[in-house]
Amino acid sequence: MRCKFANIEDFDEIQKLYWNLIEQSKDEPSFPGWKKGVHPSPDMLMESIKQKQMYILKANEVIKACAICNHLSNEEYANVSWRIKDTGQNVCIIHALAVGYDYRGQGLGKILVNHIISDAKESGSEAIHLDVIDNNVAAEAFYKGLGFQYISTENIFYEVVGHRNFKMYEYILRE
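The working numbering runs 14 ahead of the 1-based position in the sequence shown.
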């Protein structure tokens with residue numbers, strides 16, 4: 015198993031992972047409201063690959079998990095009482111973490127996020143921020159288990175779900 019940045023050649027497999035996950039989990043209580051072709055959009059996926067922001071976890075030459083990590087956040091993040099304020103490049107944001115439907119429960123998300131945490135530390139980042147849609151209790155438990163701290167609940171607009179409550183989480187990389 016290895017974590018690395020995705021290449022352009024990985025695009026189709028990454029998109030298929032997201033689309034299969036959406037199709038197979040859309041009726042589950044913790045489903046985050048993603049929509050095929052809308053979020054994560056093909057443009058978002060391709061741009062994150064080109065910018066070396068798409069992390070993948072591969073095992074047996076199959077992508078089993080992926081996530082985007084960059085410095086881009088929703089404008090509402092500026093209103094959150096983070097312990098570490100985002101000044102542009104000091105905070106990483108995790109987006110769209112996905113573990114392939116058939117690979118859930120194997121600890122792959124934990125391996126991938128721990129790799130992202132390690133990379134963020136090495137790059138000199140001070141914290142990682144992220145949001146979890148209010149119905150996604152599975153993701154909340156997952157991030158809390160990795161040491162992310164709940165900060166607040168905020169009403170945020172995302173095109174794919176409209177205005178919804180999101181739980182804001184932070185992982186401090188340095189004290």
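From the three backbone atoms N, C-alpha and C, an ideal C-beta is built for every residue, glycine too.
Since we're looking at a predicted model, the values are computed, not measured.
Per DSSP, residue 38 is one residue of the alpha helix (DSSP H) stretching across 25-39. Residue state for residue 128 is assigned as helix, using DSSP reduced to three classes. With a cutoff of 8 Å on beta-carbon distance, residue 185 and residue 125 are scored as not near each other.
Looking at the backbone, the Cα of residue 23 and that of residue 112 are separated by about 19 Å. Of the candidates 39, 18, 78 and 29, the residue whose Cα lies closest to the Cα of residue 53 is 29. Rounded to the nearest whole angstrom, the C-alpha separation of residue 63 and residue 25 is 8 Å. With contacts defined as CB atoms closer than 8 Å, residue 180 and residue 145 qualify as a contacting pair. Assignment of beta-bridge partners to residue 55 by DSSP yields no partner.
Residue 157 is bridged by DSSP to nothing; it lacks a bridge partner.
Here the region 56-74 makes no contact with the region 38-47; the two share fewer than three CB pairs at distances below 8 Å. Where residue 182 is concerned, the enclosing beta strand (DSSP E) starts and stops at 176-186. Between residue 122 and residue 19, the alpha-carbon positions lie close to 16 Å from each other.
Closest by C-alpha distance to residue 94, out of 174, 187 and 167, is 167. By the C-beta density criterion, residue 68 is buried, having at least 16 other C-beta atoms within 10 angstroms. Only buried fits residue 71, as 16 or more other CB atoms lie within 10 angstroms of its CB. Taken in chain order, the unbroken stretches of alpha helix (DSSP H) that lie wholly in the region 83-156 and span 4 residues or more are 122-136. In the displayed model, residue 49 falls within a strand according to three-state DSSP.
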